[in-house]
Amino acid sequence: MNELQPRDIEFWLRSLALSPKSKAHIRGMLRIIVDFAMWAGVLEISRNPIELVVVKGCTKRTRHSRSLTVEEFHKLNNELKEPCRTMSRIAVCFGLRVSELLALQWRDIDWLNGKLRVERAIVAGALEGCWLGSKRSAN
């Protein structure tokens, strides 16, 4: 693994019959794995070579996103009409994605224990119940 070369990784990613976004996800996971290997002392290198790998057709963030302050959120929320006002509060308080928020059903609320089960997402107008990994639960 000490002989890992960015050029080899880039060529390998190009050879995959996947979308640029999927390739970018693979690149991101490789970067995390190599970061961990460096931290654990398995790799004795000073810079993660995956940082040099370019995925063609995938955009790179040019600026970091900024979260709203509590005051900004309240100001925005007060301008919204129902049901959007309640939906925005639920999304922010529970950290839900829009696709998860739109798929919520009454049975997902555990009123006695104060929990919300996130088991579905609506993507491109289709209800998807398939998840990779565990289902989310919010308190």
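Residues 31 to 169 in my numbering are what the sequence shown lists, from first letter to last.
By construction, the Cβ of each residue, glycine as well, lies at the ideal position given by its N, Cα and C atoms.
Spanning the alpha carbons of G125 and H104 requires a straight line of approximately 16 Å.
Residue pairing by DSSP puts K145 in a beta bridge opposite D140. For G58, same chain residues with a beta-carbon under 6 Å away, outside a window of 5 residues either side, do not exist.
For A54, there is no enclosing beta strand (DSSP E); the residue is found in the alpha helix (DSSP H) stretching over P50 to W69. Taking the CA atoms as reference points, V148 sits about 17 Å from T116. DSSP places I80 in the helix class (H, G or I) of the three-state scheme.
Relative to the Cα of R61, the nearest Cα in the group Q135, N108, L106 and Q35 belongs to Q35.
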